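S.K.: Quick one: structure below, then a few questions.
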Amino acid sequence: MNPNDSYHWRKQLLLGLMLVAIGAGLLLDQFDMLDLYDLWHYWPLILVVVGLNKMIGYPTARDFTSGLWTMFIGVWLFANFEHMFGLTFRTSWPYVIIAWGVTMILKPFIRERFAANAPARESNHEN
């Protein structure tokens with residue numbers, strides 16, 4: 165199994181598990197065994213898991229940076245919902261702009277790093 169197949173398999177598995185968990189939560193909420201209203205502010209953590217999944221077994225530099233951004237947005241939203249470190253949406257938006265700038269600075273270095281680790285692609289051309 166090549167890394168690309170492994171990545172897509174893991175992505176599909178994670179999506180399936182999340183759908184099962186959401187469906188089970190909704191069902192338990194209907195049976196009054198769980199109160200989903202108390203758990204709604206944890207949804208940004210799903211973004212953290214999705215971002216982490218993109219970064220593990222990353223097939224490209226683009227997927228890696230996309231995973232970093234997804235994780236950052238999830239952590240940022242969760243911190244704002246929970247008012248961690250005194251953050252609110254009004255006071256924390258400069259962090260998003262700073263992270264965007266850092267991403268623009270680091271993107272060439274990340275591409276170079278991933279290009280050095282990329283396996284040689286096989287040619288399917290016949291002579």
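The sequence shown begins at 165 in our numbering and counts up by one. Backbone N, C-alpha and C fix where the C-beta goes; we use that ideal spot for every residue, glycine too. Small disclaimer: the values here were computed from a predicted structure and weren't measured.
1. Who are the Cβ neighbours of M248 in its own chain at under 8 Å, not counting the five residues just before and after it?
2. Mind checking W240: buried by the 16 CB within 10 Å criterion, or exposed?
3. Just to confirm the assignment, what range does the alpha helix (DSSP H) spanning G250 have?
4. What is the rounded straight-line gap between the Cα of I274 and the Cα of A225?
5. Cutting at 8 Å between CB atoms, please list the residues of its own chain near E246, excluding the five before and the five after it.
6. Is the beta carbon of G238 sitting closer than 9 Å to the one on P208?
7. Which runs of the alpha helix (DSSP H) spanning at least 4 residues fall entirely within the segment 177–254, listed in chain order?
M.R.: Looking at the coordinates:
1. Excluding residues within five positions, the ones whose Cβ falls inside 8 Å are F242.
2. Counting other Cβ atoms within 10 Å of its Cβ, W240 reaches 16 or more and is therefore classed as buried.
3. Boundaries for G250: no alpha helix (DSSP H) harbours it, and the DSSP string shows neither H nor E there.
4. Between I274 and A225, the C-alpha separation is close to 6 Å.
5. Apart from sequence neighbours up to five positions away, the residues of its chain that approach E246 with a beta-carbon distance below 8 Å are H205, ordered along the chain.
6. The Cβ-Cβ distance between G238 and P208 falls below 9 Å.
7. Fully enclosed alpha helix (DSSP H) runs of no fewer than 4 residues occupy 208–219, 225–246 of the segment 177–254, in order along the chain.
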